[in-house]
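Chains A and B, in that order, are what the protein sequence lines are.
For the first sequence, counting from 1, position 117 maps to 117 in this note's numbering; every step adds exactly one.
For the second sequence, counting from 1, position 97 maps to 97 in this note's numbering; every step adds exactly one.
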Amino acid sequence: MAAVDDLQFEEFGDVATSLAANPDATTINIEGPGESPKRPGPPRGSGREEDDELLGNDDSDKTELLAGQKKSSPFWTFEYYQTFFDVDTYQVFDRIKGSLLPIPGKNFVRLYIRSNPDLYGPFWICATLVFAIAISGNLSNFLIHLGEKSYHYVPEFRKVSIAATVIYAYAWLVPFALWGFLLWRNSKVMNIVSYSFLEIVCVYGYSLFIYIPTAILWIIPQKAVRWILVMMALGISGSVLAMTFWPAVREDNRRVALATIVTIVLLHTLLSVGCLAYFFDAPEVDHLPTTAVVPNQTVTAAKSS
Amino acid sequence: MAEAAESPGDPRTTSPRPLFAGLSEISISQDIPVEGEITIPMRSRIREFDSSTLNESVQNTIMRDLKAVGKKFMHVLYPRKSNTLLRDWDLWGPLVLCVTLALMLQRGSADNENDGGPQFAEVFVIIWFGAVTITLNSKLLGGNISFFQSLCVLGYCILPLTVALLVCRLVLLAKPGPINFIVRLFVVIVMFAWSIVASTAFLADSQPPNRKALAIYPVFLFYFVISWMILTFAP
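(1) In three-state DSSP terms, what is residue 218/A?
(2) Using a C-beta to C-beta distance shorter than 9 Å, which residues of chain B count as neighbours of residue 124/A?
(3) Nearest-angstrom Cα distance between residue 268/A and residue 163/A?
(4) Give the straight-line distance between the Cα atoms of residue 140/B and residue 126/A, rounded to the nearest whole angstrom.
(5) For the segment 132-149 of chain A, which residues have a beta carbon sitting closer than 8 Å to at least one beta carbon of chain B?
(6) Using a cut-off of 8 Å between C-beta atoms, extract the partners of residue 210/B located in chain A.
(7) By the DSSP assignment, the alpha helix (DSSP H) with residue 206/A in it spans what residues?
(8) Counting only C-beta atoms, is residue 164/B closer than 8 Å to chain A at any point?
(9) Using only CA atoms, which one of 224/B, 87/B and 71/B lies nearest to residue 148/B?
(10) Does the Cβ of residue 206/A have 16 or more other Cβ atoms within 10 Å, making it buried, or fewer, making it exposed?
(11) Flag this pair as touching only if the segment 88-95 of chain A and the segment 218-227 of chain A have three or more C-beta atom pairs under 8 Å; answer yes or no.
(12) For a contact defined as C-beta to C-beta under 9 Å, what are the partners of residue 35/B on chain E?
(13) Measuring only between beta-carbons, confirm whether residue 232/B sits less than 8 Å from chain A.
(14) The alpha helix (DSSP H) spanning residue 179/B covers which residue range?
(15) By how many angstroms is the C-alpha of residue 198/A removed from the C-alpha of residue 118/A?
(16) Under 8 Å: do the segment 185-200 of chain A and the segment 245-262 of chain A share three or more Cβ pairs, one atom per stretch?
(17) Give the DSSP-derived three-state secondary structure of residue 228/A in the structure shown.
(18) Among the residues of its own chain, which have a CB less than 7 Å from the CB of residue 174/A, if the five just before and after it don't count?
(19) Using DSSP with H/G/I as helix, E/B as strand and the rest coil, what is residue 212/B?
(20) Secondary structure at residue 106/B, three-state DSSP: helix, strand or coil?
(21) Quick check: what's the CA-CA separation for residue 58/A versus residue 108/A?
(22) What span of residues does the alpha helix (DSSP H) with residue 137/A cover, start to end?
(23) Can you say whether residue 101/B is buried or exposed, counting buried as having 16 or more other CB atoms within 10 angstroms of its CB?
(24) How would you write the range of the alpha helix (DSSP H) that residue 60/B sits in, first residue to last?
(25) For residue 85/A, does the count of other Cβ atoms within 10 angstroms reach 16, so buried, or fall short, so exposed?
(26) In chain A, what lies closer than 9 Å to residue 141/B by C-beta?
(27) Is the CB of residue 108/A under 8 Å away from at least one CB in chain B?
(28) Helix, strand or coil, according to DSSP, for residue 126/B in the structure here?
(29) Note down the Cα distance separating residue 211/A from residue 156/A, rounded to an integer number of angstroms.
(30) Have a look at residue 27/B and residue 55/B and give me their C-alpha separation to the nearest angstrom.
(31) Between the C-alpha atoms of residue 215/B and residue 101/A, what's the straight-line distance to the nearest angstrom?
(32) Beta carbon of residue 74/A, beta carbon of residue 81/A: below 8 Å?
(33) Counting only beta-carbon atoms, is residue 128/B nearer than 8 Å to chain A?
(34) Does DSSP put residue 186/A in a helix, a strand or coil?
(35) Rounded to whole angstroms, what is the Cα-Cα separation between residue 105/B and residue 163/B?
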């Protein structure tokens, strides 16, 4: 029978302070679902709406506990993949709305995805974006060159495959690299927040939605309008990405954290500017040579006749 | 008429209590009839299934399949909620339509390689992989339609767009100009709407109710891309 004195709990205090006091102490990281590559996503917890608001970012423990309950099918069955499409229409609309209206302080993943990442959004938003860019580019080139005599319209179908390669590579390879990078940093620094690979893919996929109306509006053949659109789209989707990933790198070395966020935004910029430059011809430049050429031809025709 | 069975051998000499000792006491009374007739149902009952389709003429076989395909075309042109497309699916119609579309849309090899319309293989791949992707999407979302039924419906509903392509080709023989383009645009838009209505009439019921829009949107995108390829066709 234990004495009452033996039943006292030892106070360990905050993790960070105890680590600071004793830097060589061994630490065990029982964090998040991002650790095991075999289980790609944390399960959906039912009725966690209130918990999310209260716990904020610290619900990765609960995610770990609930992990074994949802994805029990092996990866070669059809049911395994059905768990990634377990979304209703209103949920997809909510997530799209969340990507269009970034609220400072609210994390897209915690607020909208809530451990139910889906593949429907990323896949079909990317597919729509591919065709939106290819078709808008074609239409814009047609309208720009409309009056010219020497212009023969071509559908430029080859550009669809190029657009598809670029956009799907961006939507899958960049999240993969980011996930690997975050995993590596997690092993060095204790991080409260970590994301699974599917959640990162989901954020990237939904953040590309703003480019669909942007691509359609890029048909307007004014340079200033196009660049304003680029700035606006970049502002919105860049801020969604930055606000999502800032909590994941905030615990880290200051410079590493800033470099990560800057790289994310830079890659996003590269995608949008690259698409604008490649698929859409510049509006004013092409008009000038033809108006200079045509009077020449009429003059030479008049001379020869 | 059965009689009491006689036990084989003398039970008293083999063992004191043989296994089937009680059998010898059983007798079947004559009140329960155990007689009857065993007959094989005659030709009037069985349909002459197996032998007849082997022996029929080739013309009969082909006409039967053609009639089935033609009936489905009629169902697409006048879409009502019916089960014919789903129940007896076949992929002949989609194949014929896809090959026709791809043959007419492909650019000639004399044109410049980089720009221009799609090649035969590109149209073929877009149609079949598009249909497979939409089917997989609808099944992953929880729809209860079989894989080939969905492919069949999506393939048959390309028929209005094929008609639009034929009309566009005829219109392009006339003088080019904005009126030409407006006519083609109008025809393609009408046929696009017809395709969407036809495929929605067949496919919508098999989706779970709160995910209908998620399953129908890819169909919209699919037919939109095919309509774009038809509209921008320039020989």
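Virtual Cβ for every residue (Gly too), placed ideally from N, Cα, C.
Short version:
(1) Residue 218/A carries a coil assignment under DSSP once its states are collapsed to helix, strand and coil.
(2) At a beta-carbon threshold of 9 Å, the residues of chain B lying near residue 124/A are 137, 214, 217, 218 and 221, ordered along the chain.
(3) Straight-line Cα distance between these residues: approximately 15 Å.
(4) Their Cα atoms are separated by approximately 18 Å.
(5) Within the segment 132-149 of chain A, the residues whose Cβ lies closer than 8 Å to some Cβ of chain B are 135 and 138, listed in chain order.
(6) Going along chain A in sequence order, the residues near residue 210/B (Cβ under 8 Å) are 88, 89 and 90.
(7) Residues 197-207.
(8) Interface residue (Cβ-Cβ distance to chain A less than 8 Å): residue 164/B is not classified as such.
(9) Nearest in C-alpha terms to residue 148/B, of all of 224/B, 87/B and 71/B, is 87/B.
(10) Buried, since its Cβ has 16 or more Cβ neighbours within 10 Å.
(11) Because the criterion of three Cβ pairs below 8 Å is not met, the segment 88-95 of chain A and the segment 218-227 of chain A do not touch.
(12) This model lacks chain E altogether, as its protein chains are A and B.
(13) Put simply, the CB of residue 232/B is near chain A, with a gap under 8 Å to one of its CB atoms.
(14) For residue 179/B, the enclosing alpha helix (DSSP H) has its first and last residue at 178-203.
(15) So the alpha carbons of these two residues sit roughly 8 Å apart.
(16) Put simply, the segment 185-200 of chain A touches the segment 245-262 of chain A. At least three CB pairs are less than 8 Å apart.
(17) Reduced to three states, the DSSP call for residue 228/A is helix.
(18) Excluding positions up to five away in sequence, the list reads 204 and 267.
(19) Looking at residue 212/B - three-state DSSP - the assignment turns out to be helix.
(20) The three-state secondary structure of residue 106/B, taken from DSSP, is coil.
(21) Residue confidence is low: residue 58/A scores 46 on pLDDT, short of 50, so the model does not pin down where it sits. Its coordinate-derived value is still stated next. Cα to Cα, residue 58/A sits roughly 15 Å from residue 108/A.
(22) Element bounds for residue 137/A: 120-144.
(23) By the 10 Å Cβ count, residue 101/B comes out buried.
(24) Following the DSSP letters along the chain, one finds residue 60/B inside the alpha helix (DSSP H) bounded by residues 58-77.
(25) Within 10 angstroms of the beta-carbon of residue 85/A lie 16 or more other beta-carbons, which makes it buried.
(26) Identification of chain A residues near residue 141/B by a Cβ-Cβ cut-off of 9 Å yields 82, 85, 86, 87 and 120, ordered along the chain.
(27) By this cut-off, residue 108/A is not an interface position.
(28) Note: residue 126/B maps to helix in three-state DSSP.
(29) Rounded to the nearest angstrom, the two C-alpha atoms are 21 Å apart.
(30) Whole-angstrom Cα-Cα distance: 54 Å.
(31) So the two alpha carbons sit approximately 25 Å from each other.
(32) Contact: no.
(33) It does not; no Cβ of chain A falls within 8 Å.
(34) The answer is helix: DSSP assigns residue 186/A an H, G or I state.
(35) Approximately 13 Å between the Cα atoms of the pair.
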